[in-house]
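Presented below is the structure to which this report refers.
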Amino acid sequence: LAVDKVLPGIGKPFIALALFFFSFTTILAYYYIAETNVAYLRRTLKLPDFTFLLKIVLIAAAFYGTVKTANLAWGLGDVGVGLMAWLNIVGILLIFFMGKPAIKALKDYEQQRKTKPESYSFDPVKLGIKKATFWENRLEKEKAKK
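In the working numbering, the protein residues as written are 1020 to 1165.
Here it is in structure tokens:
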């Protein structure tokens, strides 16, 4: 190992620690993405909360992957990535077919881009987008500055 050449005896612990942090942050990232997708689907489709089930599945997969072979752990990872891709595809389809606000905002942006303004603005009320309080408040603050 290159680290062992520079700092003898440090190479293997360094690799083990790096692998631990890589795997830990990867699991955290995948969990965050999965929980975000589940929360969106739950809110949009009025489904029950599956986050507890998601936590159980992730913990079980992590434990199972540590006591079985590396090939099995990689297989579980592949299944997880595949499930994540399907959740993202469902989310994208929901946004496309049910997410009219996103399409309205895109068309508004394209319209503004044609006129080449000094700065772009987003007015959800003008577009008929409801429950966009953050953007409404932000627009009010921008108008107050001018």
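Note that CB positions come from ideal geometry on N, CA and C, so glycine has one too.
Consult DSSP for residue 1122 and reduce its assignment to one of helix, strand or coil.
-> helix
Counting only runs that start and end within the region 1075–1119, where is the alpha helix (DSSP H) found for 4 or more residues in a row?
-> Entirely contained in the region 1075–1119, the alpha helix (DSSP H) runs reaching 4 residues are, in chain order, 1089–1117.
According to the neighbour-count rule (16 or more other Cβ atoms, all chains shown, within 10 Å of its Cβ), is residue 1136 buried or exposed?
-> exposed
Of the choices 1064, 1125, 1038 and 1046, whose alpha-carbon is the least far from that of residue 1076?
-> Distances from the alpha-carbon of residue 1076 to those of 1064, 1125, 1038 and 1046 put 1046 closest.
Taking buried to mean at least 16 other C-beta atoms within 10 Å of its own C-beta, is residue 1079 buried or exposed?
-> exposed
Any heavy atom of the ligand PLP closer than 7 Å to the CB of residue 1103?
-> Annotation note on the ligand PLP: not contained in the displayed structure, which lists no ligands.
Does the distance from the C-beta atom of residue 1124 to that of residue 1095 stay below 8 Å?
-> no
Quick one: give me the first and last residue of the alpha helix (DSSP H) that residue 1042 is part of.
-> 1030–1064
Reduced DSSP category for residue 1163 - H, G, I as helix; E, B as strand; rest coil = In the structure shown, residue 1163 sits in a helix (DSSP, three-state: H, G or I).
Give me the Cβ distance between residue 1103 and residue 1049, rounded to the nearest whole Å; I'm assuming they're in contact under 8 Å.
-> At roughly 7 Å, the Cβ-Cβ gap stays under 8 Å, so residue 1103 and residue 1049 are in contact.
Taking the CB atoms as reference points, tell me whether residue 1033 and residue 1025 lie closer together than 8 Å.
-> no
Spatial distance of residue 1029 from residue 1020 (CA atoms) = 9 Å
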